[in-house]
Structures are given as C-alpha cells and as structure tokens.
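A.B. asks: According to numbering that gives the first Met the number 0, the sequence shown is numbered sequentially starting from 0.
In this text, a Cβ means the ideal position worked out from N, Cα and C, and glycines have one as well.
The structure presented is a predicted model; accordingly, all values stated were derived computationally and were not measured.
Encoded as structure tokens, here's the structure I'll be asking about.
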Amino acid sequence: MSIFSPSPDMIAGLKAYMSKYDSTTSSNTTTSNPRYTAIILDPIRDTNLIPAFVDIHIACVLQDNLIATFRPPFDAAKRELMIKWWHARFDEASRDERVIIAVLGKLRDADAMPPPSKLAPDQQYETRAIMTDSGEAVNHEEVLAGYVTLHKPITETGPFRGPIEKLLVSPRFRFRGIARTMMEKAEVVGREHGRTLLTLDTMTDSGAEVMYKKIGYTQLGDHIPDYGLYPDGTMGGGTFFYKDLRKEALLKEAK
C-alpha cells in the first residue's frame, strides 16, 4: 500500500491554498444544512450539557444496538460512570486536546421518543440551555440533538492526525442531515487546528459506513472481525476510514 508523500512543489501549493482558505473559512462558518448549525462547545461553560450527552449516548446504544464504549445495563451506577467518562472528554477539550462539536434542535421539532423498551428508565431528554460560540444565550426550547469530537492526541510523529470520535445523533433528530453537518464542521476545525488526516472507525455493515463513503472517506481494507461487543454480548466487526484533507485541498486546487 502506497503512502501519500507530497513533493516540495505540492507542499508549496498546499500552503498557498490553505492561506487562501483560511482567509475565507473559519470554525464559525455555517455548514450546508440550512436548518441546523454545528457549534463548538466551551469545555468549561458547557459542562451542564454532560447529562444530555449521556442521554444520547445511552439512547444510541439501545436504539441502534451500537458498539460505543459502554454496554447495558444502564443503571444509576453505569450512568454515573458515563458522566465521569464524558467529564474526562471535556477536561481534554479544556487542555486543547479535543474539540467537542454539537448541534442543537428545537424541542418542538423533535420526533416522539422511541419505544420505552429501547430506552433507559431514567432518560428524560431534559431541555438544557447553553451558549453559542459567540457567547449568545440559547433559549430554553433548544435541546442537544447530536455531537461529535475531534481528538488532538499529543504526538510529535503525527501532529497532523485527528481521530473523529463519538458521532452520535439523538433518535429524536434522525434523517435531517445532522451527522453530515457535524462532520463538515469537524473538517473545518481539523484544518484550522492542523489536523488534516482524519481517521475514524465504525461498526461493520452499519448505516454510518454508507454515510462516510458519501462524504469522501476512504475505507481502509475490509474490516476487523470480532472487533467489539454489541449490547447483546455478541461480537461485531469494525471498519476503519480516513480522509486526507491535505490531498483533498491539492486536488481541488488542481481543478
């Protein structure tokens, strides 16, 4: 398998392109979804959202039979563990080791809750006000609709790598382009932070595989069998993807 290694001329072209790009694009740029805008959460101010993060995390695991770090049963002890886990992710963001991206949705636009058997007993999807990037207050009728994180691992050998993690959309806000909106935002943020080689993994044969291919991610090989445990205890495969924003920028410039 060949490894992309740009020549000095390609690097010069990329720098010129990125200079032009940075002058017109920022992480505050509106994405292509007119109804939903992805924003960057403040890791200090917006920790009040962590219970809502856990709500969606649990709902996605149960609704989609998802492999996503935690498995049922989601009792009070497990929920507390998940709250601590998400606090650790926000702490990473406060140290500039992660960027947390979210989309808010109007409560009146939300779909009905999935069947109760699919959800944890204590899930309420409470309305939670937060602040936007500019510090503007969000009204109390808006709720967390989905989120994704861009990890910025500390590494001298791969400072350009950016793992995309925990792309989750509430079952109440599906089929509205929210996942794609958040991925577009993650790519803008990745460019701004110099994380231009984005990587991710997902469950094999999942709907997410189809979406990642549609938005330009390249699948790495086939998949790893028996990569993780489903909520029901069976084993499932993992499929890995990447997107090289450096190469993508050069290709766009050449057209």
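(1) Would a C-beta distance cut-off of 8 Å place residue 82 and residue 148 closer than the cut-off?
(2) Of all the beta strand (DSSP E) runs that stay within the bounds of the region 186-223, which reach a length of 3 or more residues?
(3) Can you check whether the CB of residue 106 is closer than 8 Å to the CB of residue 53?
(4) Using 10 angstroms around the beta-carbon of residue 242, count the other beta-carbons present and answer buried if the total reaches 16, otherwise exposed.
(5) Kindly identify the DSSP beta-bridge partner or partners of residue 149.
(6) With a CB to CB cut of under 6 Å and the five nearest residues on each side skipped, what residues in its chain are close to residue 64?
(7) Have a look at residue 24 and residue 37 and give me their C-alpha separation to the nearest angstrom.
(8) Thinking just about the alpha-carbon of each residue, which of 97, 145, 94, 39 is nearest to the one in residue 51?
(9) Taking C-beta to C-beta, are residue 176 and residue 32 nearer than 8 Å?
(10) For residue 153, count the other beta carbons within 10 Å of its own beta carbon; 16 or more makes it buried, fewer makes it exposed. Which is it?
(11) With a Cβ-Cβ cutoff of 8 Å, do residue 163 and residue 198 count as a contact?
(12) Is the Cβ-Cβ distance between residue 237 and residue 210 less than 8 Å?
(13) Where does residue 82 sit, in a helix, a strand or coil, going by DSSP?
(14) Is DSSP giving residue 38 helix, strand or coil here?
(15) Can you check DSSP and say which residues form a bridge with residue 235?
(16) On a CA-only basis, which of 155, 77, 151, 56 is nearest residue 94? Give me that one, please.
(17) From the DSSP output, read off the bridge partner residues of residue 104.
(18) For residue 179 and residue 96, what's the separation of their Cα atoms in angstroms?
(19) What would DSSP say about residue 76, mapped onto helix, strand or coil?
(20) Mapping DSSP to helix, strand and coil, what is residue 172?
(21) DSSP three-state label for residue 110, please.
(22) If you draw a straight line from the C-alpha of residue 109 to the C-alpha of residue 76, how long is it?
(23) Between residue 120 and the rest of its own chain, which residues show a CB-CB distance below 6 Å, the 5 nearest in sequence each way excluded?
(24) Which residue from 206, 44, 158, 212 puts its Cα closest to that of residue 89?
(25) At the level of alpha carbons, what is the spacing between residue 253 and residue 47?
(26) Alpha carbon to alpha carbon, how far is residue 111 from residue 156?
(27) Please determine, among 226, 244, 92, 41, the residue with the shortest C-alpha to C-alpha distance to residue 204.
C.D. replies: Reading off the structure:
(1) no
(2) 196-202
(3) no
(4) buried
(5) 98, 163
(6) 229, 230
(7) For residue 24, the predicted model reports a pLDDT of 39, less than 50, meaning its position is unreliable and no value from the coordinates is stated.
(8) 145
(9) yes
(10) exposed
(11) yes
(12) no
(13) helix
(14) strand
(15) 227
(16) 151
(17) 142
(18) 23 Å
(19) helix
(20) helix
(21) coil
(22) 29 Å
(23) Because residue 120 carries a pLDDT of 43, less than 50, the predicted location of this residue cannot be relied on, and no value is offered for it.
(24) 44
(25) 46 Å
(26) 47 Å
(27) 226
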